Amino acid sequence: MEERIAQLEQKALKLEPEAAFRNNVYKASTAYANHFYETVSEQKAYQKEEAGAIKDIFNDPIKDEPEQIDSVLEFLDTKVVPQGLNPASGNHYGYIPGGGIFSGAVGDYLAAVTNRYAGVYFASPGAVALETRLVNWMAEMIGYTGNYGGYLASGGSMANLTAIHTAREHAELKAADIPKSVVYLGEQTHHCVARALKICGLKECVMRYIPLDDHYRMKPEALQESIAEDVADGLNPWLIVASAGTTDLGAIDPIGEIAAIAQKHDVWYHVDAAYGGFFMLIEENGKQFKGIEKADSVVLDPHKGLFLSYGTGALIVKNVDHLVKAHDYDANYMQDTKEEQLPYSPADVSPELSKHFRGLRMWLPLKLHGVDAFRSSLEEKMLLTQYAWKKLEEHPEVEVSTMPDLTTFTFRWKPSGLDNYDAINKQLHRTILEEGAIFLSTTSIKGGFWFRFTVLSVRTHKAEIDHFLDVLEKHIKKIS
Ligand SMILES: *Cc1c(COP(=O)(O)O)cnc(C)c1O
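The opening residue of the sequence shown carries number 703 in this note's numbering; numbering runs sequentially from there.
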């Protein structure tokens, strides 16, 4: 047996390579990363999937024997990375871009190297404190004081799910209460909220989609009326979800007015600020976010507004006790962890136990660049959006939605003498994607086909916007 152990050890040690191996892998990976950053502005924003390459990925054997870093990176570079949308491109205007910044990537790398167990304070006080520090920074931005808390989730969807679970636990809804319990949403609320309600077993709640005003913001009077009617009918209003930056139109609901209504009726008030939250860093935007500090819970997405690579969302709750209570657990093998009371651990306030040390990918960029760089970039994106909006609004053949609150609006091509707008805009979208110089996603507004335009990639600057306008014009001319 001992001989076998020695043999196996020799093989197992391959998993812990020496400096020469590491340096070789660093060199090749750093060269790859440098090449990526140096060419990203020329890379396509969209490339249709190549069926052959996808087949190669499926058929590529996972072998018993090792392969060389150069050939593996070559495979990544030719088969995997260039397929589909390029989220790192500054010419990406679809969905909600972010870009992904270098310093965040290095944070991820260091998190993986040190592999701190960021779930439990007992196991990793430093990593947990660092994550809590970031949560506190976001809480202070929101304007919370006192007993706030939260955690870094993998994204906005998971953070919203955790918020809704917490709200339900707080309301102490039993299965029998669900059909009489009412949720109030905007007509443009992100679909992950309805999905979170479904996952939480709440899809049989009464759902009230509150109408929006001309700027696509929730009408507080309509909300107030709806709640009053429901109370009179013996129903149980328990949750209001407002948006601070709707996905399609970037509209910010009247946060403060809704807060007052929630308070009056003692209803949990959740604000989904996954897209728009970090625009609070710009002082002039304070007015639009006024009252957000009255929300019971707020979701933010650092992988949008802080330009981090995918995998970072955040839930911040006004009273962390609700979050702890909603995630209370007991397990014999966790007894060591229970002795430490403060600070609370991510594992106490979320469904995750073993978790990625996400904080490092957010902390390192904030440290290395300073908040002002993020604030300036966000303000730049707002002005770029207004610049693009104005150009399109002046365009004789383009129809735009209202002036955006943030960095998103919709538009469509509307040439005179034609009325099949949906068909020609679908054709315009196809030809834009075929070329792939820019990427736009689309949406349906009142049943019509519209382009969505969102400026939030860290790599979008004035030159990219002018390029976008040129590309759009070129394609309009081509199919006119
Ligand atoms: C992006 C977004 C979400 C979902 O967040 P993910 O990080 O994609 O899971 C939820 N709500 C709003 C308003 C969003 O913009």
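We put the CB at the ideal spot given by N, CA and C, even for glycine.
The model shown is predicted, which means the values in this text are computed figures rather than measured ones.
- A residue is called buried once 16 or more other Cβ atoms fall within 10 Å of its Cβ, and GLN890 is buried on that count.
- Across the set ASN849, ALA841, CYS894 and GLU842, the C-alpha of CYS894 shows the shortest separation from the C-alpha of ALA861.
- DSSP places SER859 in the helix class (H, G or I) of the three-state scheme.
- A heavy atom of ligand 1 is found nearer than 7 Å to the CB of HIS1005.
- DSSP places HIS1029 outside both helix and strand once states are collapsed to three, so it counts as coil.
- Secondary structure note for ARG1114: its beta strand (DSSP E) is the uninterrupted segment 1110 to 1115.
- Distances from the alpha-carbon of GLY786 to those of ASP772, VAL830, LEU863 and ALA753 put ALA753 closest.
- Straight-line measurement puts the Cα of PRO1106 at about 43 Å from the Cα of SER826.
- With contact defined as three or more Cβ pairs closer than 8 Å, the stretch 793 to 808 and the stretch 1001 to 1009 are in contact.
- By the neighbour-count criterion, in which a residue is buried when 16 or more other Cβ atoms sit within 10 angstroms of its Cβ, GLY888 is buried.
- Taken atom to atom, the span from the alpha-carbon of LEU717 to that of ALA735 is near 23 Å.
- Pairing ALA721 with GLY1061 gives a Cβ-Cβ distance that is not under 8 Å.
- ASP1121 and ALA1090 have their C-alpha atoms some 25 Å from each other.
- GLU923 sits in a helix when the DSSP states are folded into three classes.
- The C-alpha of LYS781 is placed about 7 Å away from the C-alpha of ILE756.
- Just measuring C-alpha positions, the residue of THR741, GLY806, ARG724 and GLY809 sitting nearest ILE771 is ARG724.
- If you compare the alpha carbons of GLU871, ILE866 and ALA878 with that of TYR886, the shortest gap goes to ILE866.
- TYR795 sits close to THR1156, with the two beta carbons spaced by under 8 Å.
- For LEU710, no beta strand (DSSP E) segment is defined; the enclosing uninterrupted segment is the alpha helix (DSSP H) at 704 to 714.
- Checking the DSSP bridge columns, you'll see ALA946 partnered with ILE954.
- Secondary structure in the stretch 1087 to 1170: the alpha helix (DSSP H) runs of 4 residues or longer, each lying completely within the stretch, are 1123 to 1137 in chain order.
- For the pair SER1011 and ASN938, the CB atoms are not nearer than the 8 Å cut-off.
- If you ignore the 5 residues before and after ILE912, its C-beta comes within less than 8 Å of the C-beta of TYR886, LEU887, GLY888, GLU889, MET920, LYS921, ALA924, LEU925 and SER928, all in its own chain and listed in chain order.
- ILE844 places its beta carbon less than 8 Å from that of GLU995.
- The Cβ atoms of LEU1086 and LEU983 lie no closer than 8 Å to each other.
- Of the candidates SER856, ASP810 and TYR748, TYR748 places its Cα closest to the Cα of PRO784.
- Measuring C-alpha to C-alpha distances from SER1052 to each of ALA946, LEU863 and TRP940 identifies LEU863 as the nearest.
- Annotated three-state conformation of GLY786 is strand, per DSSP.
- In terms of Cα proximity to GLU1137, the closest of LYS713, GLU711 and LYS746 is LYS746.
- When rounded, the separation of the alpha-carbon atoms in LEU1066 and PHE980 is 17 Å.
- Straight through space, the alpha carbons of ASP766 and ARG1132 are spaced by roughly 43 Å.
- When the five nearest sequence neighbours on each side are left out, the beta carbons in the same chain lying within less than 8 Å of the beta carbon of ASP1124 are those of GLY1150 and PHE1151, in order along the chain.
- Relative to ligand 1, CYS902 has its C-beta separated by 7 Å or more from all heavy atoms.
- Runs of the alpha helix (DSSP H) spanning 4 or more residues and lying entirely within the stretch 785 to 836 occur at 804 to 816, in chain order.
- ASN817 counts as exposed, since fewer than 16 other C-beta atoms from the protein chains shown sit within 10 angstroms of its C-beta.
- Shown here for GLU1101: same chain residues with a beta carbon closer than 7 Å to its own, the five before and five after excluded, namely PHE1113, ARG1114 and LYS1116 in chain order.
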